[in-house]
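Before any comments, here is the structure.
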Amino acid sequence: MNGFYTLFHKELLRFWKVGLQSIFAPMIATLIYLFIFSHVLEERAQAYPGVTYPVFLIPGLLMMAMLQNSFANSSSSLIQSKISGSIVFVLLSPLSYMEVFVAYVLASIVRGLLVGAGIYLVILIFFDMPLQSLSWVFIFALIGNGFLGVLGVIAAIWAEKFDQLAAFQNFVILPLTFLSGVFYTIHSLPPFWENISRFNPFFYVIDGFRYGFFGISDVSPYFSLMIVGIGFLAVSWVTLRMLKIGYKLRQ
Amino acid sequence: MIPAIEAKQVYKHYGPVSALVGIDLEIEQGEFFALLGPNGAGKTTLINVLAGLTLASNGVAKIMGHDVVRNYREARRVVGVVPQELVFDPFFSVRETLSIQSGYYGLRNNDAWIDEVLYHLGLRDKENANMRTLSGGMKRRVLVAQALVHKPPVIILDEPTAGVDVELRRSLWSFIKRLNGDGHTIVLTTHYLDEAEELCSRIAMLKKGEIVALDSTKNLINNVSGYLIRLRLSSEALPSDLQPLLESYAEGCFILRVNNYSKIEDVLAAFRIEQIRVLEMELMQPDLEDVFVKITGNTKDMESV
Ligand SMILES: Nc1ncnc2c1ncn2[C@@H]1O[C@H](COP(=O)(O)OP(=O)(O)OP(=O)(O)O)[C@@H](O)[C@H]1O
Ligand SMILES: [Mg+2]
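Keeping their order, the protein sequence lines are chains W and S.
Start counting at 1 in the first sequence, then tack on 7, and there's your number in my numbering.
Start counting at 1 in the second sequence, then tack on 3, and there's your number in my numbering.
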């Protein structure tokens with residue numbers, strides 16, 4: 008327990024030491040997005056009854072920023088220590104692979120939540136944001152960040168160079184986030200794309216998260232939670248296997 | 004008593020390269036042991052297998068009786084490893100690095116021991132410096148300190164003195180000797196053979212992934228028969244009678260191997276007959292270097308480091 012706590016604490020310290028970059032940068036980026044979109048698209052029809060388009064956008068952008076940050080946290084920490092070689096200190100320690108896994112993912116979740124909370128607080132100043140159910144919001148924030156934290160671990164274990172990690176980010180993470188209904192409800196899509204979106208786990212993260220704010224969503228939040236939960240367990244299982252057999256780390 | 008280190012038929016293949024080929028090795032508790040061999044012999048690979056950093060392709064390795072794969076947590080608790088590569092975490096200071104490392108082993112209030120280690124490694128005035136700002140030799144000292152935070156019964160040092168100045172080398176070894184005196188088992192690799200000869204009671208020599216010699220330092224040296232004589236002569240050529248004794252020729256000096264002192268008279272007699280004058284002569288006691296050269300047939304790799 009103690010060893011685990013040290014690694015978790017070290018991971019928190021790591022992003023805290025570069026705090027400005029790791030927390031404020033995404034906050035500013037998201038706010039810029041939001042002001043541009045809301046200015047340009049003010050006239051657009053309401054996505055849901057009573058929900059203006061800019062307000063509709065907020066949960067999606069918020070979640071997107073969190074997902075990008077939780078992914079960035081575990082993946083950049085791991086790939087850096089892999090490439091610099093300092094990962095040996097973790098590999099030499101008696102930490103179990105489960106402890107290593109949880110420490111990295113938990114640190115990712117904390118970073119994602121901090122970024123999310125920061126953006127949310129600023130948004131409250133400028134927008135009149137409804138909040139139907141804090142629990143749903145929190146649950147989806149938690150599991151979404153966890154999901155991406157795990158994907159970050161997988162990507163960093165798999166990648167041997169920084170550009171491979173960037174490729175994973177550009178060809179997997181980015182398309183999945185952008186095609187997940189951040190900017191629209193999938194009902195507004197042609198049927199073909201609507202069906203494709205239904206295979207994207209990120210869609211359920213954002214849809215469920217949005218439900219927490221508006222009480223309206225494309226699919227039931229319980230169904231979304233189930234899908235995301237299954238997805239989370241599946242990627243966690245894969246990651247734990249990788250860590251257990253020492254895939255790329257002990258070969 | 005349970006051996007400190009036990010390797011049974013350990014193999015490691017990297018694709019077509021075989022880094023370890025059936026290593027069998029037992030090191031008793033309390034030994035001061037050296038793993039020697041030319042570059043690429045497999046020393047680091049063997050250490051990595053023992054530390055659990057690399058999974059063996061085949062075979063079993065145990066530290067203090069704990070299987071490094073099946074009981075990895077227990078095995079890692081009882082071993083401290085100084086890796087060969089200079090690695091460090093650029094986010095932290097020396098003391099932070101050591102506290103974090105202690106934390107991994109579940110040690111919360113380790114400051115007294117950390118202070119002691121810092122002192123013996125000459126790091127006291129650097130404890131608050133960021134790792135990034137340290138010189139290479141200083142970083143190496145921190146690596147040694149990191150391996151010692153949990154007072155492991157087995158300490159493995161992979162070239163701890165590479166790039167380290169004379170003064171630290173001396174203080175490092177006296178600290179390590181003290182730990183050995185307290186019962187810690189020490190295993191080291193080095194390319195400075197005089198270091199191994201002075202410190203280690205037993206030596207394994209590796210070549211191409213195999214143990215080619217394993218004996219006490221004394222026996223290894225005694226088994227190199229005879230002495231070497233280095234000669235500079237007035238002649239370019241060696242009398243033909245003496246050709247069989249020729250060990251090597253470099254920079255105008257002949258090195259001859261003789262089995263005993265009386266043979267030296269024969270050599271001098273041969274020169275007299277051919278009217279060759281001896282310009283310089285040096286009698287060399289056999290040392291570990293001779294053993295190394297003889298067994299691994301390798302001088303270049305050793306000198307390149
Ligand atoms: N990750 C790896 N992938 C492929 N080959 C490797 C890897 N690590 C080591 N080898 C090979 O295994 C062999 C043994 O290497 P090792 O590092 O164990 O040698 P060493 O005895 O420690 O040498 P040195 O004195 O230079 O440190 C070498 O042929 C090396 O090229
Ligand atoms: Mg080596």
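Think of the CB as a built atom: it goes at the ideal place given N, C-alpha and C, for glycine as much as any other residue.
Option in the options with minimal Cα separation from residue i
i	options	result
residue 111 of chain S	W/11, W/162, W/64	W/11
residue 257 of chain S	S/247, S/118, S/264, S/265	S/247
residue 101 of chain S	W/210, W/219, W/14	W/14
residue 185 of chain S	S/192, S/191, S/177	S/177
residue 48 of chain W	W/122, W/191, W/205	W/191
residue 31 of chain S	S/204, S/261, S/294, S/265	S/204
residue 183 of chain W	W/167, W/165, W/155	W/155
residue 58 of chain W	W/229, W/248, W/223, W/231	W/223
residue 238 of chain W	W/46, W/214, W/200, W/158	W/158
residue 244 of chain S	S/259, S/286, S/253, S/231	S/259
residue 77 of chain S	S/109, S/60, S/61	S/109
Endpoints, alpha helix (DSSP H) assigned at residue i
i	result
residue 46 of chain W	32-47
residue 284 of chain S	First-last for residue 284 of chain S: 281-287, but that is the beta strand (DSSP E), not the alpha helix (DSSP H).
residue 102 of chain S	97-107
residue 260 of chain S	Per DSSP, residue 260 of chain S belongs to no alpha helix (DSSP H); it is in the beta strand (DSSP E), 256-261.
residue 60 of chain W	60-91
residue 218 of chain W	208-221
residue 198 of chain W	198-204
residue 254 of chain W	Careful: residue 254 of chain W lies outside any alpha helix (DSSP H) and carries neither H nor E.
residue 142 of chain W	141-165
Counted within 10 angstroms of its Cβ, other Cβ atoms place residue i as buried (16 or more) or exposed
i	result
residue 303 of chain S	Confidence at residue 303 of chain S is low in this model, with a pLDDT of 42, below 50, so its placement is unreliable and the value that follows should be read with caution. Looking at its Cβ environment, which holds fewer than 16 other Cβ atoms inside 10 Å, residue 303 of chain S is exposed.
residue 5 of chain W	This structure cannot speak to residue 5 of chain W, because chain W is shown only from 8 to 258.
residue 137 of chain W	exposed
residue 42 of chain W	exposed
residue 249 of chain S	exposed
residue 29 of chain S	exposed
residue 153 of chain S	buried
residue 233 of chain W	exposed
residue 123 of chain S	buried
residue 307 of chain S	Note on residue 307 of chain S: pLDDT 39, under 50, position unreliable in the model; no value is reported.
residue 129 of chain S	buried
residue 69 of chain S	buried
residue 221 of chain S	exposed
residue 168 of chain W	exposed
residue 92 of chain S	buried
residue 134 of chain S	buried
residue 192 of chain S	buried
residue 197 of chain W	exposed
residue 141 of chain S	buried
residue 119 of chain S	exposed
The beta strand (DSSP E) enclosing residue i, as first and last residue numbers
i	result
residue 185 of chain W	It is not in any beta strand (DSSP E) - residue 185 of chain W instead sits in the alpha helix (DSSP H) that spans 181-185.
residue 83 of chain S	82-85
residue 208 of chain S	205-210
residue 233 of chain S	230-236
residue 65 of chain S	61-66
residue 17 of chain S	8-17
residue 118 of chain S	Here residue 118 of chain S belongs to no beta strand (DSSP E); instead the alpha helix (DSSP H) covers 114-123.
residue 100 of chain W	Run containing residue 100 of chain W: none; DSSP gives neither H nor E here.
residue 25 of chain S	20-30
residue 157 of chain S	157-161
residue 264 of chain S	Run containing residue 264 of chain S: none; DSSP gives neither H nor E here.
residue 219 of chain S	213-219
residue 189 of chain S	188-192
residue 249 of chain S	249-253
residue 36 of chain S	35-39
Integer Cβ distance of residue i from residue j, believed to fall under 8 Å
i	j	result
residue 220 of chain W	residue 144 of chain W	6 Å
residue 72 of chain W	residue 63 of chain W	Between residue 63 of chain W and residue 72 of chain W the Cβ distance is about 16 Å, and since that is not below 8 Å, they are no contact.
residue 99 of chain W	residue 56 of chain S	7 Å
residue 242 of chain W	residue 70 of chain W	Contact doesn't hold; Cβ gap of about 17 Å is too wide.
residue 77 of chain W	residue 116 of chain W	6 Å
residue 108 of chain W	residue 160 of chain W	7 Å
residue 66 of chain S	residue 49 of chain S	Rounded, the Cβ-Cβ distance is 13 Å, inconsistent with contact.
residue 112 of chain W	residue 151 of chain W	Their Cβ separation, rounded to whole angstroms, is 12 Å, which puts residue 112 of chain W and residue 151 of chain W out of contact at 8 Å.
residue 162 of chain W	residue 82 of chain W	5 Å
residue 125 of chain S	residue 174 of chain S	6 Å
residue 280 of chain S	residue 237 of chain S	4 Å
residue 122 of chain W	residue 30 of chain W	6 Å
residue 235 of chain S	residue 271 of chain S	About 14 Å; that fails the 8 Å criterion.
Interface residues of chain A facing residue i [CB-CB closer than 7 Å]
i	result
residue 109 of chain S	Absent from the structure is chain A; the protein chains it does hold are W and S.
Whose CB is closer than 6 Å to a heavy atom of ligand 1? List the residues in chain order.
-> Those residues are S/17, S/20, S/22, S/40, S/42, S/43, S/44, S/45, S/46, S/47, S/48, S/87, given in chain order.
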